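The UniProt record's numbering puts the first residue of the sequence shown at 1, with every later residue one more than the last.
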Amino acid sequence: MTDFGHGTPVWADLGTPDVADAVRFYGLLFGWTAAQVPGGNGYALFSLGDEPVAGVGPVRGLDDQNEWCTYLLTDDADESARRVAAAGGTVEKPPYDVLTLGRTAAFLDPAGAEFSVWQPGDLPGAAVFNAPGALTWNELSTPDAEGAQRFYGDVFGWTANPGDYRTWQSAGRQIGGLVPIDAPAPARWMVYFGVADCDASTERAIRLGATVAVQPTDIPWGRFATLNDPQGAFFSIFQG
1 MTDFGHGTPV WADLGTPDVA DAVRFYGLLF GWTAAQVPGG NGYALFSLGD
51 EPVAGVGPVR GLDDQNEWCT YLLTDDADES ARRVAAAGGT VEKPPYDVLT
101 LGRTAAFLDP AGAEFSVWQP GDLPGAAVFN APGALTWNEL STPDAEGAQR
151 FYGDVFGWTA NPGDYRTWQS AGRQIGGLVP IDAPAPARWM VYFGVADCDA
201 STERAIRLGA TVAVQPTDIP WGRFATLNDP QGAFFSIFQG
């Protein structure tokens, strides 16, 4: 894995009521294979070839979300939890160890967008980025962009450029996107996975049981689409 800095998105995982169907769907869409983590209570690692690229696990209650979650790199999950609380966020799940893989915690930012941190152990994070079938972008949509800039700046030291579409910067590197939206649309983090052909991948996803939230669309950097998987979880694909 590339040596990323503090606060960089390094992992994504899916909480779903049907892990078996998620394995089927994403396997056929992206060419992923899945392997159960021993002792992981149903959690599995998605791999592209032999390299881990994402995770999937079961949701078991009404409070659990059927969605993709963005994980931001930290060297101290406990300190990140303290910073989140001090900056006005909510500690949804306090820091805990994930076997020997690492340490994590789940949070809500002040506008309600869920995200997690990852303190690496045996699993540094995804091993492949910016390639077909791999995590390529993470983007926050929020009705309070200025509040988000203050919050993530306080917690992770990020800055963002002004404009209708803003990019997060950390230590001089571009690490994600920020989209101001109108209330009452919910704040959320979106994950993007690379594809070789956005239109063909969208058509394949539909055949596999997905629905389309945003049709394939050209943007200055490439072409993207936003989909709902068969259980309803949002994700996007990007052809760069």
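Quick reminder that beta carbons are idealized off the backbone N, C-alpha and C, glycines included. Please read these numbers as outputs of a predicted model, since none were measured by experiment.
My understanding is that residue i touches residue j, with C-beta atoms under 8 Å, so please give their C-beta distance in whole angstroms.
i	j	result
Leu73	Gly125	7 Å
Gly15	Leu99	18 Å between Cβ atoms; not a contact.
Thr211	Leu227	7 Å
Gly240	Phe193	Not confirmed; about 11 Å, so no contact.
Ala127	Ser116	Ala127 to Ser116, Cβ: 18 Å. No contact.
Pro180	Ala145	4 Å
Ala22	Asp229	7 Å
Leu28	Leu208	6 Å
Given a cut-off of 9 Å on the beta-carbon distance, is the pair residue i and residue j in contact?
i	j	result
Trp68	Ala12	yes
Asp154	Ala87	yes
Ala77	Gln119	yes
Val195	Phe30	yes
Thr70	Trp158	no
Asp109	Leu140	yes
Gly57	Tyr152	no
Arg103	Pro95	yes
Ala111	Ala187	yes
Pro9	Ile219	no
Leu178	Thr136	no
Cys198	Phe224	yes
Tyr26	Gln36	no
Gly5	Ser201	no
Ile237	Ala205	yes
Leu101	Asp122	yes
What residue does the beta strand (DSSP E) around residue i start on, and which one ends it?
i	result
Tyr71	Glu67 to Leu73
Gly222	Gly222 to Asn228
Ala233	Here Ala233 belongs to no beta strand (DSSP E), and DSSP marks it neither H nor E.
Asp218	Thr211 to Ile219
Val84	Element bounds for Val84: not the beta strand (DSSP E) but the alpha helix (DSSP H), Ala77 to Ala86.
Ala44	Ala44 to Leu48
Ala34	Thr33 to Gln36
Cβ of residue i within 8 Å of any heavy atom in the ligand SAH?
i	result
Val155	This structure does not include the ligand SAH; it has no bound ligands of any sort.
Return the bridge partner residues of residue i from the DSSP annotation.
i	result
Thr8	Bridge partners of Thr8: none, in fact.
Pro58	Thr16
Pro52	Ser47
Ile237	Phe193 and Ala225
Gly102	Val98 and Pro120
Tell me where the alpha helix (DSSP H) around residue i begins and ends.
i	result
Tyr96	Taken as a continuous stretch (DSSP letters only), Tyr96 belongs to no alpha helix (DSSP H), being part of the beta strand (DSSP E) at Thr90 to Val98.
Asp18	Unbroken run through Asp18: none, as it is neither H nor E.
Asp197	Note, Asp197: premise wrong, no alpha helix (DSSP H); not H, not E.
- [ ] Starting from the N-terminal side, write out each stretch of the beta strand (DSSP E) that is 3 residues or longer and does not extend beyond the segment 104-192.
- [x] 114-120, 135-142, 166-170 and 173-180
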